[in-house]
Amino acid sequence: MTHTVKEIGTALGMDVLGAVSLKVTGVAEPAVAKPEHLVIAMTPEFIADLPRGAARVAVLPQDTDWQDLGLEAAIIAPRPRYAMSGVTAMMDPGQGWANGIHPSAVIDESARIDAGVSIGPLSVIGPRAHIGGGTRIGPQCHVGADSVIGADSLLREGVRIGARATIGERLFAQPGAVVGGDGFSFVTPETSSVEQARRTLGDSGDTASQSWARIHSLGSVTIGDDVELGANCTIDSGTVRDTCIGPGTKIDNLVMIGHNVEVGRDCLLCGMVGIAGSTRIGNNVVLAGQTGVSDNIFIGDNVITGGGTIVLSNIPAGRVMLGYPAMKMDGHIDLYKRLRRLGRVFDDVAALKKAVFKSSQSE
Amino acid sequence: MTHTVKEIGTALGMDVLGAVSLKVTGVAEPAVAKPEHLVIAMTPEFIADLPRGAARVAVLPQDTDWQDLGLEAAIIAPRPRYAMSGVTAMMDPGQGWANGIHPSAVIDESARIDAGVSIGPLSVIGPRAHIGGGTRIGPQCHVGADSVIGADSLLREGVRIGARATIGERLFAQPGAVVGGDGFSFVTPETSSVEQARRTLGDSGDTASQSWARIHSLGSVTIGDDVELGANCTIDSGTVRDTCIGPGTKIDNLVMIGHNVEVGRDCLLCGMVGIAGSTRIGNNVVLAGQTGVSDNIFIGDNVITGGGTIVLSNIPAGRVMLGYPAMKMDGHIDLYKRLRRLGRVFDDVAALKKAVFKSSQSE
Amino acid sequence: MTHTVKEIGTALGMDVLGAVSLKVTGVAEPAVAKPEHLVIAMTPEFIADLPRGAARVAVLPQDTDWQDLGLEAAIIAPRPRYAMSGVTAMMDPGQGWANGIHPSAVIDESARIDAGVSIGPLSVIGPRAHIGGGTRIGPQCHVGADSVIGADSLLREGVRIGARATIGERLFAQPGAVVGGDGFSFVTPETSSVEQARRTLGDSGDTASQSWARIHSLGSVTIGDDVELGANCTIDSGTVRDTCIGPGTKIDNLVMIGHNVEVGRDCLLCGMVGIAGSTRIGNNVVLAGQTGVSDNIFIGDNVITGGGTIVLSNIPAGRVMLGYPAMKMDGHIDLYKRLRRLGRVFDDVAALKKAVFKSSQSE
Numbered sequence: 000m001t002h003t004v005k006e007i008g009t010a011l012g013m014d015v016l017g018a019v020s021l022k023v024t025g026v027a028e029p030a031v032a033k034p035e036h037l038v039i040a041m042t043p044e045f046i047a048d049l050p051r052g053a054a055r056v057a058v059l060p061q062d063t064d065w066q067d068l069g070l071e072a073a074i075i076a077p078r079p080r081y082a083m084s085g086v087t088a089m090m091d092p093g094q095g096w097a098n099g100i101h102p103s104a105v106i107d108e109s110a111r112i113d114a115g116v117s118i119g120p121l122s123v124i125g126p127r128a129h130i131g132g133g134t135r136i137g138p139q140c141h142v143g144a145d146s147v148i149g150a151d152s153l154l155r156e157g158v159r160i161g162a163r164a165t166i167g168e169r170l171f172a173q174p175g176a177v178v179g180g181d182g183f184s185f186v187t188p189e190t191s192s193v194e195q196a197r198r199t200l201g202d203s204g205d206t207a208s209q210s211w212a213r214i215h216s217l218g219s220v221t222i223g224d225d226v227e228l229g230a231n232c233t234i235d236s237g238t239v240r241d242t243c244i245g246p247g248t249k250i251d252n253l254v255m256i257g258h259n260v261e262v263g264r265d266c267l268l269c270g271m272v273g274i275a276g277s278t279r280i281g282n283n284v285v286l287a288g289q290t291g292v293s294d295n296i297f298i299g300d301n302v303i304t305g306g307g308t309i310v311l312s313n314i315p316a317g318r319v320m321l322g323y324p325a326m327k328m329d330g331h332i333d334l335y336k337r338l339r340r341l342g343r344v345f346d347d348v349a350a351l352k353k354a355v356f357k358s359s360q361s362e
Numbered sequence: 000m001t002h003t004v005k006e007i008g009t010a011l012g013m014d015v016l017g018a019v020s021l022k023v024t025g026v027a028e029p030a031v032a033k034p035e036h037l038v039i040a041m042t043p044e045f046i047a048d049l050p051r052g053a054a055r056v057a058v059l060p061q062d063t064d065w066q067d068l069g070l071e072a073a074i075i076a077p078r079p080r081y082a083m084s085g086v087t088a089m090m091d092p093g094q095g096w097a098n099g100i101h102p103s104a105v106i107d108e109s110a111r112i113d114a115g116v117s118i119g120p121l122s123v124i125g126p127r128a129h130i131g132g133g134t135r136i137g138p139q140c141h142v143g144a145d146s147v148i149g150a151d152s153l154l155r156e157g158v159r160i161g162a163r164a165t166i167g168e169r170l171f172a173q174p175g176a177v178v179g180g181d182g183f184s185f186v187t188p189e190t191s192s193v194e195q196a197r198r199t200l201g202d203s204g205d206t207a208s209q210s211w212a213r214i215h216s217l218g219s220v221t222i223g224d225d226v227e228l229g230a231n232c233t234i235d236s237g238t239v240r241d242t243c244i245g246p247g248t249k250i251d252n253l254v255m256i257g258h259n260v261e262v263g264r265d266c267l268l269c270g271m272v273g274i275a276g277s278t279r280i281g282n283n284v285v286l287a288g289q290t291g292v293s294d295n296i297f298i299g300d301n302v303i304t305g306g307g308t309i310v311l312s313n314i315p316a317g318r319v320m321l322g323y324p325a326m327k328m329d330g331h332i333d334l335y336k337r338l339r340r341l342g343r344v345f346d347d348v349a350a351l352k353k354a355v356f357k358s359s360q361s362e
Numbered sequence: 000m001t002h003t004v005k006e007i008g009t010a011l012g013m014d015v016l017g018a019v020s021l022k023v024t025g026v027a028e029p030a031v032a033k034p035e036h037l038v039i040a041m042t043p044e045f046i047a048d049l050p051r052g053a054a055r056v057a058v059l060p061q062d063t064d065w066q067d068l069g070l071e072a073a074i075i076a077p078r079p080r081y082a083m084s085g086v087t088a089m090m091d092p093g094q095g096w097a098n099g100i101h102p103s104a105v106i107d108e109s110a111r112i113d114a115g116v117s118i119g120p121l122s123v124i125g126p127r128a129h130i131g132g133g134t135r136i137g138p139q140c141h142v143g144a145d146s147v148i149g150a151d152s153l154l155r156e157g158v159r160i161g162a163r164a165t166i167g168e169r170l171f172a173q174p175g176a177v178v179g180g181d182g183f184s185f186v187t188p189e190t191s192s193v194e195q196a197r198r199t200l201g202d203s204g205d206t207a208s209q210s211w212a213r214i215h216s217l218g219s220v221t222i223g224d225d226v227e228l229g230a231n232c233t234i235d236s237g238t239v240r241d242t243c244i245g246p247g248t249k250i251d252n253l254v255m256i257g258h259n260v261e262v263g264r265d266c267l268l269c270g271m272v273g274i275a276g277s278t279r280i281g282n283n284v285v286l287a288g289q290t291g292v293s294d295n296i297f298i299g300d301n302v303i304t305g306g307g308t309i310v311l312s313n314i315p316a317g318r319v320m321l322g323y324p325a326m327k328m329d330g331h332i333d334l335y336k337r338l339r340r341l342g343r344v345f346d347d348v349a350a351l352k353k354a355v356f357k358s359s360q361s362e
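Residue numbers (numbering that gives the first Met the number 0), protein chains in the order written: chain A, 0 to 362; chain B, 0 to 362; chain C, 0 to 362.
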């Protein structure tokens, strides 16, 4: 990952100052940087740490006096957090996998493998699967029958794609991600206690035993371009049509997307988010960690939830939500303040009762 | 998966009408169906969509005027949702795996493999394991030493079964499901801060450091017939006896069942449910997504929880629960309505104080 | 696992009484024990069950009249729960794996494998990885390039370690655990709606579409000695420096540790705990199941949370917390009691209003 300061500036469209032919071989935090390291110092804290390390070049916000910090060169980032994206992409050392197709991989002879594809040891590519050009498939992955993975994708170790999935370009799938497990869809011969409890909001009715018949998943999963799938996440197949994930959507570790769900474009679904079957999520939605969303509901464009939000009903576009059950974030904050004053109000009511009713009985 | 309309009706015990020798090769949603597709139109919305597609035959509720919809044949489903089970089972195209035992599978010579078993590429079957007749084991699975998997089961890619598990017939395990990880059970030489905090409900006592000694899991896991295990779920081994999952119970993706847990028969444990160690769950219990259940408690038969319910104490049979901590659903709904009126009541109390006590101090 | 009673007592430093040369071959619960089984009877209930089984020897609390229970020998445990650790470790039958390196494992020729290492079938060891002496790597595991795993570790089936991880001695990793997936870190060219909503506590501002640029993870993961990783848990790589897990910390199934997180020593992170990016957790912290912790905050030493606690802000050392959002456990219990009385207080306020204001309007 060796680059000169000038190469980095040119590639990322950022101004470079000083000894621009200096070479860097990696990235480190300011205080522990060695002379060969590039430092990304986006905050006053990181900038203050620079003299503690041995960095000679740093990515810095505009108007930073880099010479005063003892640096020999500087790369100037107008929006430092965004600069992290370009710099880390350039300096990523990767997983150290060999190129080419490992002889231990089990590839069906009917699979179509485009140019420049790497397939790691002990991976399995099923019948008629199609792997787009430049895609790197890591060790111990599985791509099922008739599935398509677009060009320039990266599948980390142990990713599992079932049959008939359609995935766009530049998929980035973390270890253990699962696409195309069967949906969790069961039905009883008679109206079930759950259907009954939903209708009555609480009465599960006659409680005789019931056994569950499986509804098979005949659909698969369709995923747009530029999607990320987190480690050990699971995206279930649809019942008749495909479960759909829109382009640009990023999905974190241990997220679950149920059958028939439709997620729009450019969403962020953070760690451990769960979306139950047949729910629709708009575009540009951000669900914080451990947010849960009920089945068969709708979340509008640009909705944001806070951590642990439990969404039991539709949310209109643009709302910022928090809590269990989800409410608007400002309302939740007001409620929480009131709850902290609840003891005092209870005391007030007791005093009022005593004054008004001359009641001496303890409440 | 080609079947005639008549074959489907006969197999599922449903009446067929019209051109019953028509053949269908797959299932599609009404609006996008091609002439070779069977459509399952269970709702007025789906029925209204029929003319937009090219379907010639549909599964319909009783008393639907199928000829008026332009269909050539109809299959009449008395309970349409239940019909989904039979129809999808018949039309399931499966994963496209080859039959037989793949040469790359690593099968211990002492394993017992019954007739009609398929084992996918790069799977591992341990010493003395027993795979029942007709069972299909997918790619990259693992079945540990001395484990038994009943007949006619299906293990999707990457399922991992540890040693000494006993699993009934017709197991359906989704990709990445783990059975028989060790229980999470640790103990300190002295009374731990957790034991102390539980006893006192909040005082963790002396906060000196403590290190954790591992209690090994000597038990394994016993699973009844007709159980489903979701993608990347985990079922831990018991400490001395086995963790037990009753027959007919369906477990969704990313569910965790702790050590020593006993789950009864015909339960539904939806996505991301967590059940901590040594808890007992009755029969026919339905826990909605992200429900969490504490260790060492009991949930009675036929209990239903709503999404995200956190269960910290026992629940008697038949209850429908919601919230954190769990309360009866109707009580939770009442409470939630009251919380929305809390601001008004605070105002009322302030006004009352002013009127009664002539108090002018701000509350 | 055959041992005499005397051998067990000597190894664990516990007193033995009676026929100390009796041999036991396994452990069972009292009521179902066979003559060759050792029984661990720590509670009055288990002790009462002893006569129902055929055990000849039991681990018992001090001052138990073992002869009266029909036993031929006894092992006396001063703290019975702690005795579970030593006894179960001695009697653990293990996974039944063969010793040595399986010929189907794919081991890079530059990897360094110390003495006494076992590597199971179909595992992959990457370039320059170093496996410490006595470590057992199960079937279908992956150890990435340049990663180090300390001596005497155990990796169950399908564990996945990415590149450049540094792991101490005696790691115990359950099936499907993932170390070193990339962090979930994305940035928009302009200020994002999430940054905006956080600043304003609820207003996501202009809702124009935005696409997410990936910040790559250049760091990896550092894990101390004596750490346990649960089944299908995920520990993400750091952005520049490593994500860190302190020595002695035990992590349960389906836990997620985000990028840059620092977890101290001797913590217990129970099932489904999620810790978002860049958060710091002190020493000796115990987070109960499904606890969620926001990004970029701090949890002090010795903190304990109850099940399902959602932590949205810093917690000082020593606190015991519960609820959503987290509050001190005793305050949460008080609040919950008040909420149950809320209906009565609402009635009181209505009655007061009627009495004071002569108001007849319904509230």
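All residues carry an ideal CB built from backbone N, CA and C; glycine is no exception.
Asked: Who are the neighbours of S192 (chain C) on chain A, taking C-beta pairs under 8 angstroms?; Found: N283, V285, N301 and I303
Asked: Between M83 (chain B) and chain A, is the shortest Cβ-Cβ distance under 8 angstroms, so that the two count as touching?; Found: yes
Asked: For A27 (chain B) and chain A, any beta-carbon pair shorter than 8 angstroms?; Found: yes
Asked: For D145 (chain A), which residues in chain B fall below 8 angstroms Cβ to Cβ?; Found: G95
Asked: Report yes or no: is there a C-beta of chain C within less than 8 angstroms of the C-beta of L321 (chain B)?; Found: no
Asked: Is P34 (chain C) helix, strand or coil by DSSP?; Found: coil
Asked: For my contact list, G132 (chain B) and A150 (chain B) are in at a C-beta cut-off of 8 angstroms; report their separation, rounded to the angstrom.; Found: 5 angstroms
Asked: Starting from T242 (chain C), trace the beta strand (DSSP E) both ways and give me its first and last residue.; Found: T242 to I244
Asked: Once the 5 residues before and after V147 (chain B) are set aside, which same chain residues still bring their CB inside 6 angstroms of it?; Found: H129 and T165
Asked: According to DSSP, is H258 (chain B) helix, strand or coil?; Found: coil
Asked: In whole angstroms, give me the CA-to-CA distance for V15 (chain A) and V26 (chain A).; Found: 17 angstroms
Asked: Tell me which residues share the same chain as L121 (chain A) and place their Cβ nearer than 7 angstroms to its Cβ, disregarding the 5 neighbours each side in the sequence.; Found: S103, A104, P138 and Q139
Asked: If I measure Cβ to Cβ from K357 (chain B) and keep anything under 8 angstroms in the same chain, skipping five residues before and after, which residues do I get?; Found: none
Asked: Is DSSP giving G179 (chain A) helix, strand or coil here?; Found: strand
Asked: State buried or exposed for E28 (chain B), treating a residue as buried only when at least 16 other CB atoms are found within 10 Å of its CB.; Found: buried
Asked: Less than 6 angstroms between C-beta atoms, sequence neighbours within five positions excluded: which residues of the same chain meet that for P126 (chain C)?; Found: D107, S109 and A144
Asked: Got a sec: which bits of the segment 237–265 of chain B sit with their beta carbon under 8 angstroms from any beta carbon on chain C, in order along the chain?; Found: T238, V239, R240, L253, M255 and G257
Asked: Decide if the segment 214–223 of chain C is in contact with the segment 211–228 of chain A; the criterion is three or more beta carbon pairs, one per stretch, under 8 angstroms apart.; Found: no
Asked: Interface residues of chain C around G17 (chain B) at Cβ under 8 angstroms?; Found: None at all; the shortest Cβ gap to chain C is about 48 angstroms.
Asked: Enumerate in chain order the residues of its own chain whose CB-to-CB distance from L311 (chain C) is below 6 angstroms, with the five nearest sequence positions on each side excluded.; Found: S293 and P324
Asked: Can you find the residues in the same chain that come closer than 6 angstroms, C-beta to C-beta, to V116 (chain C), ignoring five residues on each side of it along the sequence?; Found: I130 and T134
Asked: Is it buried or exposed, N231 (chain A), if we count other Cβ atoms within 10 angstroms and call 16 or more buried?; Found: buried
Asked: Give a yes or no on whether 8 angstroms exceeds the smallest Cβ distance from E35 (chain C) to chain B.; Found: no
Asked: Since G25 (chain A) is in the beta strand (DSSP E), which residue starts that stretch and which ends it?; Found: G25 to A27
Asked: Please list, in chain order, the chain A residues whose beta carbon lies closer than 7 angstroms to that of L268 (chain C).; Found: Under the 7 angstroms cutoff, chain A gives no residues; its nearest Cβ is about 13 angstroms from L268 (chain C).
Asked: With C-beta atoms as the reference, is I280 (chain C) less than 8 angstroms away from E261 (chain C)?; Found: yes
Asked: Does R159 (chain A) come out as helix, strand or coil in the three-state DSSP assignment?; Found: strand
Asked: Tell me, please, whether the CB atom of R155 (chain B) is closer than 8 angstroms to any CB atom in chain A?; Found: yes
Asked: Per DSSP, what are the beta-bridge partners of H129 (chain B) in this structure?; Found: B:R111 and B:V147
Asked: Assuming contact is defined by CB atoms lying nearer than 8 angstroms, are D225 (chain C) and R155 (chain C) in contact in what I supplied?; Found: no
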